[in-house]
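S.K.: Before I ask anything, let me first share the structure, which is written out below as structure tokens.
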Amino acid sequence: MGNGYMGKILNVHLGTGVVAEEILPEEVYEKYTSGMGLAAYLLYDRIPAQADPLGPDNILGFVSGLLTGTNAFFTGRWMAVAKSPLTGGWGDANSGGWFSYALKKSGYDGVFFHGVSPAPVYLKIWDGRAELVDASHLWGLDTAATDDRIKSEVGHKVQVAAIGQAGEKMSLLAGIVTDKARVAARSGLGAVMGSKKLKALAVGGRQKIKAADPDRIKILNAEFRQWFDNGQTLSRFLGPRTLNLFGRVLRVSPVALAQSGDLTKVALRKYGTCATNVLSSEGGDSPVRNWKGSGVKDFGIRPHANQINPRRIIDYQIKRYHCHSCPLGCGGVMEINDGPYPLTKTHKPEYETCCAFGTLILNDDLYSIFKINDMLNRAGMDTIGAGAVVAWALECHENGLLSKEDLDDIDLAWGNSEAVIRIVEKMIARDGIGDLLADGCKRASERLCGGDTCAMHAGGQELPMHDPRFDPGFAVSYVLEPTPGRHTSHGYQWIEMYGLNALFKDLPKLHTVSLIRDKYRPDDIRNLHMVTASRYMQFVNGVGGCLFGVQMAGKLKLTEYVNAVTGWNHPPEHYLLIGERIQNLRQAFNAKHGIVPLRDFALPMRALGNPPLDSGPMKNVCMDVKSLYDAFLEGMGWNRDTAIPTRAKLEELGLTQVEMKTRI
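Structure (structure tokens):
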């Protein structure tokens, strides 16, 4: 055991029932930290190139972060990792809650599952003692019921990570759920868990997590808290109409102001992620009508008066939800006592859910969004992917590719919330039309018509609710990040909030004011921030850091936290190098498994404005992304034709063993 890490993992061989500890050398943590870095280090070597993602050769891992449990703010994240059945390449899914802390307190930095169990099981770990337990009686239960049942059985205070019906039925949209509603949703890793007949993990313990300098951690927390608590009076002015006004300015202004982390802290603290609902749907960030529109006002919806109004949402909130070590509390527990779908202790929907089942399908029924969010959390299904495939089905029905009979006599139409609920129920059960939709829009479109342009995905992963036509930075990250179609690494909005120049002194400051038209062409300073963010976010994922903490204008000093916890004394740039090593290893994993990102993760032309829209805030935007890609790839040191790491870059990072195995 070292400072900040437990120094060991648990390997669980489901086919034989053998559970074995593995001690890891200290240099592994020094080169990769923990979390995402530890996972990349292990899985690159241990998953064979031809492994079936839903077969016994795939390895499913659960990893905590280096800083988790050390009292450092915003460090309660955990990750599920495996070969993705959605993309065929590197798969990871990130979530919060309290599971990461419990996993580490159980005595391990990670747990890795090999093979396939002959019957349903769950893994119980308490204080370093692990055993597989029969889960036949749990198979078929939703995630909330599974959580309650296991906690009543185990006899210790544990945290549970479980799959619901979606994972059991190996839907490629299935995620893994903790705290009944915090979902590691992307990459289809709930399907991997279901393929292994692994229903859940129940983890906890009293193992000590050591830190070299606890007093320094307290000082860093106090410094952050002083800034964080300042300026909260601004929240009284952040009502839906004000946010709508900001969005209307974005629609027409020829200039852009850099987004502020100072404003982010206030908005997230007041509303959570649904704070951006009105701003994004009015300004052009939210995709509309399966990406065929931009700006909900152009479809007769008033953003400040319907389901995307964050004030209406938090009116139902009975208490705020904080993940481990989080001073923000962006989540919320709700009671829905009116409307057609009463719900008790349901969790507040995030922005992505509100958009995926709101603006994306022209639905203005708030109660249906609450209901669908609760259904998908219980089933353990990705709300982004589910909303995107429903939008695809809507357009297919509109175009005559799916008849009413094909849809099991459901009258699926834009804005018909009751029909959407019925479709979602069928997806969860893999019943009728739901069987076609449960594996996402790429496979559904291939089965229906050999693939088509209205399936909005990158490499099989449905696109998030941030439009590259509004933020071209996402056109880069959706394609060139090792997990495609993801919004949690970098986009232009994100890098403005990151404040990376406050952490890395040689990094120039971004322009505070810029012309809107300039964001569609390469900019050296902006590209340097994008490259830095790509590397930095993998360091963040290695220490268990939260995206929202990173968006706090550079005030969260994770590199200083790591020095205080470990006793190391490295400059910030050293940790950026660790992040770069992790990122290159993840991209090398894709190359090993036959993925060529520029070919296999290409965006649908519609997402780039081809053909361009004829109305709305993104009117006439048609992007040529090659110059943006070339600039980013040159900064990363990756091949400009394939987006695969070059031999020179791998050698520079000390990854020579990877260079020899990677098919470049």
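If you want this note's numbering, it's the 1-based position in the sequence shown plus 95.
Ideal Cβ positions, reconstructed from N, Cα and C, are used throughout, including at glycine.
These numbers come from a predicted model, not from an experiment.
Buried or exposed, going by whether 16 or more other CB atoms sit within 10 Å of the CB of ASN494?
M.R.: Label assigned to ASN494: exposed.
S.K.: For the alpha helix (DSSP H) containing ASP760, list its first residue and its last residue.
M.R.: Because residue 760 is not part of the residues shown, which for the chain are 96 to 759, the question remains open.
S.K.: Return the CA-CA distance between LYS440 and GLN412, expressed in angstroms with no decimal places.
M.R.: Near 9 Å, if we compare the C-alpha coordinates of GLN412 and LYS440.
S.K.: Have a look at ALA697 and LEU352 and give me their C-alpha separation to the nearest angstrom.
M.R.: Approximately 30 Å between the Cα atoms of the pair.
S.K.: With a floor of 3 residues, list each beta strand (DSSP E) that falls wholly inside the stretch 592-636, ordered by position along the chain.
M.R.: Counting whole runs of 3 or more residues, the stretch 592-636 contains the beta strand (DSSP E) stretches 608-610.
S.K.: Going by C-alpha distance, which of ARG735, PHE684, ASP736 and ILE528 is nearest GLN145?
M.R.: It is PHE684.
S.K.: Could you name the residues of the same chain whose beta carbon sits closer than 6 Å to that of ALA659, not counting the 5 residues immediately before and after it, in chain order?
M.R.: Once the five neighbours on either side are set aside, the close Cβ partners of ALA659 are ASP308, ARG311 and ILE312.
S.K.: Let's test the definition: count the other Cβ atoms within 10 Å of the Cβ of ALA317 and tell me whether it reaches 16, buried, or not, exposed.
M.R.: Exposed, by the Cβ-count rule.
S.K.: I'd like the list of long-range same chain contacts for ALA474, defined as Cβ closer than 7 Å, with 5 residues on each side in sequence excluded.
M.R.: Once the five neighbours on either side are set aside, the close Cβ partners of ALA474 are ASP237, GLY259, GLN260, ALA261 and ILE523.
S.K.: If you check the beta carbons only, do LEU109 and LEU181 fall under 7 Å apart?
M.R.: In this structure, LEU181 does not lie closer than 7 Å to LEU109 by Cβ.
S.K.: How close, in whole Å, do the beta carbons of GLY580 and TYR587 come, if the pair is a contact with beta carbons under 8 Å?
M.R.: Between TYR587 and GLY580 the Cβ distance is about 17 Å, and since that is not below 8 Å, they are no contact.
S.K.: Taking all protein chains shown into account, do 16 or more other C-beta atoms lie within 10 angstroms of the C-beta of ILE154, making it buried, or fewer, making it exposed?
M.R.: Flag for ILE154 reads buried.
S.K.: Assuming LYS714 and GLY732 make a contact with CB atoms under 8 Å, what is their CB distance in whole Å?
M.R.: Wrong, their Cβ atoms sit about 37 Å apart, outside the cutoff.
S.K.: Am I right that ARG131 and GLY637 are in contact with their C-beta atoms under 8 Å? What's the rounded C-beta distance?
M.R.: The sequence given here places Met at residue 131; Arg does not occur at that position. Indeed they touch by this definition, with Cβ atoms about 5 Å apart.
S.K.: Could you pull out every residue in the same chain whose Cβ sits closer than 8 Å to the Cβ of THR757, ignoring the five residues on either side in sequence?
M.R.: Unreliable placement is indicated for THR757, whose pLDDT of 47 sits below 50; the coordinate value is still reported in the next sentence. Closer than 8 Å at Cβ, skipping near neighbours: ALA683, ALA686, LYS687, ILE739, PRO740 and LEU745.
S.K.: Determine the extent of the alpha helix (DSSP H) in which ASN685 is found, giving its start and end residues.
M.R.: ASN685 -> alpha helix (DSSP H) spans 667-687.
S.K.: Within a Cβ cutoff of 6 Å, which residues of the same chain sit near GLY356, ignoring the five residues on either side of it in sequence?
M.R.: Hits under 6 Å: MET592, GLY594, GLN646, MET647 and ALA648.
S.K.: If you draw a straight line from the alpha carbon of THR111 to that of LEU105, how long is it in whole angstroms?
M.R.: Whole-angstrom Cα-Cα distance: 15 Å.
S.K.: Quick check: the Cα distance between VAL123 and ALA134, rounded to an integer number of angstroms?
M.R.: The alpha-carbon atoms of VAL123 and ALA134 are separated by roughly 11 Å.
S.K.: Tell me whether the stretch 662-673 and the stretch 155-170 touch, counting them as touching only if at least three CB pairs, one residue from each stretch, are closer than 8 Å.
M.R.: Output reads no: the stretch 155-170 does not touch the stretch 662-673.
S.K.: Measuring CA to CA, which of ILE677, PRO422, VAL350 and SER212 is closest to CYS641?
M.R.: Comparing Cα positions, the closest option is PRO422.
S.K.: Could you please give me the residues that DSSP links to PRO740 through a beta bridge?
M.R.: Looking at the DSSP assignment, PRO740 forms a beta bridge with TRP733.
S.K.: Express the C-alpha separation of THR627 and GLY342 in angstroms, rounding to a whole number.
M.R.: Distance between the alpha carbons of GLY342 and THR627 is about 28 Å.
S.K.: Exposed or buried, what is ALA115 when buried is set at 16 or more other beta-carbons lying within 10 Å of its beta-carbon?
M.R.: ALA115 is exposed by the Cβ-count criterion.
S.K.: Helix, strand or coil: how does DSSP classify MET288 here?
M.R.: Residue state, collapsed to three classes: helix.
S.K.: Got a sec, what are the start and stop residues for the beta strand (DSSP E) ALA659 sits in?
M.R.: No beta strand (DSSP E) holds ALA659; the alpha helix (DSSP H) holding it covers 653-661.
S.K.: Whose C-alpha, out of SER129, VAL113 and LEU598, is nearest the C-alpha of TYR100?
M.R.: Here the closest residue by C-alpha is SER129.
S.K.: Could you give the C-beta distance for LEU455 and MET560, rounded to a whole number, given that I count them as a contact under 8 Å?
M.R.: With 8 Å as the limit, LEU455 and MET560 qualify as a contact, their Cβ atoms being about 7 Å apart.
S.K.: By the three-class DSSP mapping on this structure, what secondary structure does MET96 have?
M.R.: Of the three classes helix, strand and coil, the one that applies to MET96 here is coil, per DSSP.
S.K.: Mind reading off the beta-carbon distance from ASP242 to LYS294? Whole number of angstroms is fine, and I expect it under 8 Å.
M.R.: Going by Cβ atoms, the distance from ASP242 to LYS294 rounds to 11 Å, so no, they are not a contact pair.
S.K.: DSSP puts TYR217 in a beta bridge; with which residues?
M.R.: DSSP output for TYR217 lists VAL228 and ALA295 as bridge partner(s).
S.K.: If we call anything under 7 Å between Cβ atoms a contact, is GLY192 one with ARG277?
M.R.: Yes, the pair counts as a contact, with Cβ atoms nearer than the cut-off.
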